[in-house]
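Engineer:
There are 2 protein chains.
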Amino acid sequence: MATELPDIPKLHEALQLATLKCSERCVYQGAKWAAELLTSMAPLPATPTGELPPAYLHPLSTNKTEAALEAQEFSQYLLAKSYFDVKEYDRCSHVLEKCLSRKAVFLHLYSKYIAGEKRKDEASEMVLGPLDGAGTQNKEISYIMSVLQPKVDRKDGEKLSEDESFLAWLYGICLLKQKNETAARDALISSVIAYPYNWSAWQDLASTVDSLQDLNNILQRLPNNIMSNLFVLSTNQELYQTTEPIHSQLTDLLVIFPTSSWLKTQRALLYYHARDFEEADQIFDSLLAVDPYRLDYLDHYSNILYVME
Amino acid sequence: MATELPDIPKLHEALQLATLKCSERCVYQGAKWAAELLTSMAPLPATPTGELPPAYLHPLSTNKTEAALEAQEFSQYLLAKSYFDVKEYDRCSHVLEKCLSRKAVFLHLYSKYIAGEKRKDEASEMVLGPLDGAGTQNKEISYIMSVLQPKVDRKDGEKLSEDESFLAWLYGICLLKQKNETAARDALISSVIAYPYNWSAWQDLASTVDSLQDLNNILQRLPNNIMSNLFVLSTNQELYQTTEPIHSQLTDLLVIFPTSSWLKTQRALLYYHARDFEEADQIFDSLLAVDPYRLDYLDHYSNILYVME
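Top to bottom, those sequences are chains A and B. Mapping the first sequence onto the working numbering, position 231 (from 1) lands on 231, and the numbers just tick up by one. Mapping the second sequence onto the working numbering, position 298 (from 1) lands on 1298, and the numbers just tick up by one.
What follows is the structure, given as structure tokens:
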């Protein structure tokens, strides 16, 4: 898959919007990834004083009915989000029970999912031993799936809307929890096709890839855009594909995102897999110099230092 | 202090903005309080389809220079906020080191403060015994104060701007940590005068009130608005002033916020202080029926149930 060269100001705006969209839905890891990619681009020329970046509006749905619902439910949504941010997940979910916009439905179910995960973790902590808790389940999953299934499971193959992409992602997560990998992959593919800028969905899709053949099967169903390029790169890296074409794709992507720590880490990991520890060490070293508080992939770096000693 | 009867649509908008402003600055308890008050008002008549609530814009500063800085620093700010939301507080602070808008300066220092509090808690957990950790300090305070002092400590008595109000609040918090209550009170008063909708600032101000005389001294320096009314009410309640005028002020406020759990809790606590446990119990009971996941003030409710047994 050749690297798609995007319109830079448009990509900039899309990543600002992605950060906001993820953040508004409390998908904080997705927001972080988008913001890191955004700030790794060369800055755009300054806008004339007083002109707002286009993303400065709350990213209201482009669908008119959805936008009207979102405006109508704005106060309830604000309350729910504020509960999520102080970790009152059940309360967040409860507030949105009767809301209709897809953004609100997502947060209603996502916070229920997080609440269920928390309870699951607490229940499995009660018993000792590394495997004792394995049977504990997130008890909210079946309710969440019963709401989502009619909304995102399109038998007719009709494309989902951008607003539905987050619902499909959550549906995919639930299917993964149920070990239904084939259906999960379908849901996750429909999610990233409908909205490619939620990196969390790509990561969950990557978790279903165990071989190059898996990857190739998925690729046939994906559009060629900057996000699918990044997905292909990181999945190849995870499959230990340390070939020249991968390195060269990485070089192309670094032209668009010259200071991206994430991309540089992919390079370091490629060297690491090829047992070129010196090169890998140098990259990790320089990343830490620029961003001393960075924790991502620190375990890999620590492995490299250990091996080199 | 008589209850100020505000313009309802304006108050509605101010509380939506307050939720956003607090949320944008990661002041999540403040956001929660504002959102709860917002949703306790009678809903406004529906706006014509497609028309956005005025608060739907990100609340950009009304000061032109600040607004231009905020727009310029938007991507850095998005990155920093995303770090805060995944609890990488030092990284959040680091990203904003060179930013100039007051919003960014606030988040730079606030995340440093939170990082310092976390380290303080971790350090005091190392030692056993309830008092052993008392000597542990937040080591970021002196840096934070050195940045804030020239920005908010106005010898000339000049009023702070809305953007500076959050800085003054943080300055007040640091002064409280240093047990400098008089200076803290000055900073907090200047904060709530500059921007009255950050409830966290009012709460910290309330923590400096030990007597009715304290309260009266502060009142002379405060404007009469809906937020100062709420402050007076809750501070009187905390001072066990279970008099008729307080009850009647509460009744006035419930006209504006008819379903406010917070206000109803104030009533319950007034009854509780007057040892009218039945009335208090009834209120807590009905609150829990409406909002079954509510945890606020549950300790008081539990006390009441214990006493009544």
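All residues carry an ideal CB built from backbone N, CA and C; glycine is no exception.
Please look up how many angstroms separate the CB atoms of B/T1039 and A/S75, rounded, as I've assumed it's under 8 Å.
Structural biologist: Yes, B/T1039 and A/S75 are in contact; Cβ-Cβ is about 5 Å, under 8 Å.
Engineer: Run the CB neighbour count on A/A18, radius 10 Å, all protein chains shown included, and call it buried at 16 or more, exposed below.
Structural biologist: Flag for A/A18 reads buried.
Engineer: Give a yes or no on whether 9 Å exceeds the smallest Cβ distance from A/Y28 to chain B.
Structural biologist: Answer yes: the Cβ-Cβ gap between A/Y28 and chain B drops below 9 Å somewhere.
Engineer: Any contact of the segment 222 to 234 of chain A with the segment 201 to 210 of chain A, i.e. 3+ C-beta pairs under 8 Å?
Structural biologist: Because the criterion of three Cβ pairs below 8 Å is met, the segment 222 to 234 of chain A and the segment 201 to 210 of chain A touch.
Engineer: For A/N303, count neighbouring C-beta atoms within 10 Å of its own C-beta (all shown protein chains included) and say buried if the count is 16 or more, exposed if not.
Structural biologist: Label assigned to A/N303: exposed.
Engineer: Around the C-beta of B/A1112, are 16 or more other C-beta atoms found within 10 angstroms, so that it is buried, or is it exposed?
Structural biologist: The sequence shown places Lys at residue 1112 of chain B, rather than the Ala named in the question. Under this definition B/K1112 is a buried residue.
Engineer: For the alpha helix (DSSP H) holding A/L230, just list the boundary residues, first then last.
Structural biologist: Taken as a continuous stretch (DSSP letters only), the alpha helix (DSSP H) holding A/L230 covers 226 to 238.
Engineer: Please report how far the alpha carbon of B/L1219 lies from the alpha carbon of B/A1206, in whole angstroms.
Structural biologist: Using only the alpha carbons, I get a separation of about 11 Å.
Engineer: Cβ closer than 8 Å: which chain B residues qualify as neighbours of A/E278?
Structural biologist: Correct list: empty, because the minimum Cβ distance to chain B is about 27 Å.
Engineer: So, for A/L69: in the same chain, excluding its five sequence neighbours on each side, which residues have a beta-carbon less than 7 Å away from its beta-carbon?
Structural biologist: Here the set comprises L100, S101.
Engineer: Please check if any C-beta of chain B sits within less than 9 Å of the C-beta of A/H346.
Structural biologist: What the structure shows of chain A is the stretch from 1 to 309, and residue 346 of chain A is not part of that stretch, so it cannot be assessed.
Engineer: Which same chain residues, not among the five before or five after B/L1188, have their C-beta less than 6 Å away from its C-beta?
Structural biologist: These residues qualify, in order along the chain: G1172, A1201, D1204, L1205.
Engineer: Within a Cβ cutoff of 6 Å, which residues of the same chain sit near B/S1093, ignoring the five residues on either side of it in sequence?
Structural biologist: Closer than 6 Å at Cβ, skipping near neighbours: H1108, S1111, K1112.
Engineer: Closest by CA to A/E117, which one among A/N138, A/Y89, A/S286?
Structural biologist: Among A/N138, A/Y89, A/S286, the Cα nearest to that of A/E117 belongs to A/N138.
Engineer: What does a CB cutoff of less than 6 Å around A/L288 pick up in its chain, not counting 5 residues either side in sequence?
Structural biologist: Correct list: empty, nothing qualifies.
Engineer: So, helix, strand or coil for B/P1006, using DSSP?
Structural biologist: Correct three-state label for B/P1006: coil.
Engineer: Closer than 9 Å, CB to CB, is A/Q281 near chain B or not?
Structural biologist: Looking at the sequence itself, residue 281 of chain A is Asp, so the reference to Gln does not match. So no, A/D281 is outside the interface.
Engineer: Closest Cβ-Cβ distance between A/F166 and chain B: below 9 Å?
Structural biologist: By this cut-off, A/F166 is not an interface position.
Engineer: Which of the residues in the segment 1076 to 1090 of chain B, read from start to end, lie with their CB under 8 Å from any CB of chain A?
Structural biologist: So the close ones are Q1076, L1078, L1079, K1081, S1082, Y1083, D1085, V1086, E1088, D1090.
Engineer: Are the C-beta atoms of B/A1035 and some chain A residue less than 9 Å apart?
Structural biologist: Cβ-Cβ to chain A under 9 Å: yes for B/A1035.
Engineer: If I measure Cβ to Cβ from B/L1011 and keep anything under 8 Å in the same chain, skipping five residues before and after, which residues do I get?
Structural biologist: Result list for B/L1011: M1041, I1226, I1256, in chain order.
Engineer: Can you list the residues of chain B that A/D23 reaches, using a CB-CB cut of under 9 Å?
Structural biologist: With the sequence shown as reference, residue 23 of chain A is identified as Ser, and Asp is not the correct amino acid for it. By Cβ distance, chain B contributes L1078, K1081, S1082, D1085.
Engineer: So, does the CB of A/D329 fall closer than 9 Å to a CB anywhere in chain B?
Structural biologist: No information on residue 329 of chain A is available, as it lies outside the stretch 1 to 309 that chain A covers here.
Engineer: Classify B/K1264: buried if its beta carbon has 16 or more other beta carbons within 10 angstroms, exposed otherwise.
Structural biologist: When all chains shown are included, B/K1264 counts as buried.
Engineer: Is there a Cβ of chain A sitting closer than 9 Å to that of B/D1156, yes or no?
Structural biologist: By this cut-off, B/D1156 is not an interface position.
Engineer: Rounded to whole angstroms, what is the Cα-Cα separation between B/L1037 and B/L1015?
Structural biologist: B/L1037 and B/L1015: Cα-Cα distance of roughly 8 Å.
Engineer: Just the C-alpha distance for B/E1162 and B/Y1195, rounded to the nearest angstrom, thanks.
Structural biologist: Their backbone Cα atoms lie some 5 Å apart in a straight line.
Engineer: List the endpoints of the continuous alpha helix (DSSP H) containing B/L1079.
Structural biologist: 1074 to 1085 is the extent of the alpha helix (DSSP H) around B/L1079.
Engineer: If distances are taken between C-alpha atoms only, which option among B/L1295, B/L1239, B/E1181 comes closest to B/A1274?
Structural biologist: Closest by alpha carbon: B/L1239.
Engineer: Take the Cβ of B/R1294 as the centre, count every other Cβ of all protein chains shown within 10 Å, and call the residue buried at 16 or more, exposed below.
Structural biologist: With 16 or more Cβ atoms within 10 Å of its Cβ, B/R1294 is classed as buried.
Engineer: Answer yes or no: does any C-beta atom of chain A fall closer than 9 Å to that of B/D1291?
Structural biologist: Closer than 9 Å: yes.
Engineer: Could you check how far apart the C-beta atoms of A/Q237 and A/L270 are, in whole angstroms? I think they sit under 8 Å.
Structural biologist: About 6 Å; that satisfies the 8 Å criterion.
Engineer: Using a Cβ-Cβ distance cut-off of 9 Å, determine whether B/K1098 contacts chain A.
Structural biologist: No, B/K1098 does not count as interfacial toward chain A.
Engineer: Just the C-alpha distance for A/R119 and B/I1008, rounded to the nearest angstrom, thanks.
Structural biologist: Taking the straight line from one Cα to the other gives about 41 Å.
Engineer: Assign B/T1243 to buried or exposed, taking buried as 16 or more other Cβ atoms, counted over all protein chains shown, within 10 Å of its Cβ.
Structural biologist: Flag for B/T1243 reads exposed.
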